[in-house]
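Please read the structure below before turning to the comments.
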Amino acid sequence: MLLPEASRVLRLSAALPQIRAVLAGETDAVALQATIACLLWEALPQTNWCGFYRRVGESQLAVGPYQGTMGCLRIDFARGVCGAAARTRTVQRVPDVHAFPGHISCDARSRSELVIPVVNQGELRAVLDLDSPHLDAFSAREAEILHAFVDEILGPPGVVF
5 MLLPEASRVL
15 RLSAALPQIR
25 AVLAGETDAV
35 ALQATIACLL
45 WEALPQTNWC
55 GFYRRVGESQ
65 LAVGPYQGTM
75 GCLRIDFARG
85 VCGAAARTRT
95 VQRVPDVHAF
105 PGHISCDARS
115 RSELVIPVVN
125 QGELRAVLDL
135 DSPHLDAFSA
145 REAEILHAFV
155 DEILGPPGVV
165 F
């Protein structure tokens, strides 16, 4: 069952200070991504996949630290929700992935998706991908909160990718 938006926002808002405390002082991108994926997975019960795809080369993403079922190993910028977020460097909030042109079904149970670009020193470094078996599982407010959090933790120049 999908929790109401207010409950989801409250859970997310309560989890972020704890995640910040755990990550304090860490600058290694893999350690940061692995910990973020793990702790968001625990905080967001509507997800069936939570993790990162890292930018490799000019126009491709490769699976990075994540929680959930097996992810797609590689995603071209020209394909899917993750590719759209990488290509445009904009948040992609998709209430129904089956209505998204070119959606890549890594897990057939996924019905909605939220993808947040990770930009560091002006360069796209990765995307944070959250999938859910529920339609419209991620609100605009959740997207705003997570985008600001990703920028805060993974955006500073001291983070080593």
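Residue numbers (the working numbering): 5 to 165.
Beta carbons: idealized from backbone N, C-alpha and C, even for Gly.
Nothing here was measured: the structure is a model prediction, and the numbers come from that model.
contact_flag[the stretch 94-113, the stretch 64-75] where n(CB pairs < 8 angstroms) is 3 or more: yes
What three-state label does DSSP hand residue 115 in the structure shown? coil
Other residues of its chain near residue 83: CB distance less than 7 angstroms, five sequence neighbours each side excluded: 106 and 108
Give me the Cα-Cα distance between residue 93 and residue 5, rounded to the nearest whole angstrom. 31 angstroms
Below 8 angstroms on the Cβ atoms is my contact criterion, and I expect residue 132 with residue 150 to pass it. Report the Cβ-Cβ distance as a whole number of Å. 7 angstroms
What residue does the alpha helix (DSSP H) around residue 76 start on, and which one ends it? That residue, residue 76, is in no alpha helix (DSSP H); it is neither H nor E in DSSP.
As a quick exercise: from 52, 49, 56 and 21, pick the residue whose alpha carbon is nearest that of residue 35. 56
CA-to-CA distance, residue 165 to residue 66, given in whole angstroms: 14 angstroms
Beta-bridge pairing of residue 53 - partner residues as DSSP gives them: 72 and 135
Quick check: what's the CA-CA separation for residue 120 versus residue 136? 15 angstroms
If you reduce the DSSP assignment to three classes, tell me which class residue 149 lands in. helix
Tell me the DSSP secondary structure of residue 98 in three-state form. strand
Suppose contacts are defined by Cβ-Cβ distances below 9 angstroms. Is residue 95 in contact with residue 117 by that definition? no
Assign residue 161 to one of two classes, buried (16 or more other C-beta atoms within 10 Å of its C-beta) or exposed (fewer than that). exposed
So, are the CB atoms of residue 129 and residue 25 less than 9 angstroms apart? no
Among 20, 153 and 58, whose alpha-carbon lies nearest the alpha-carbon of residue 46? 20
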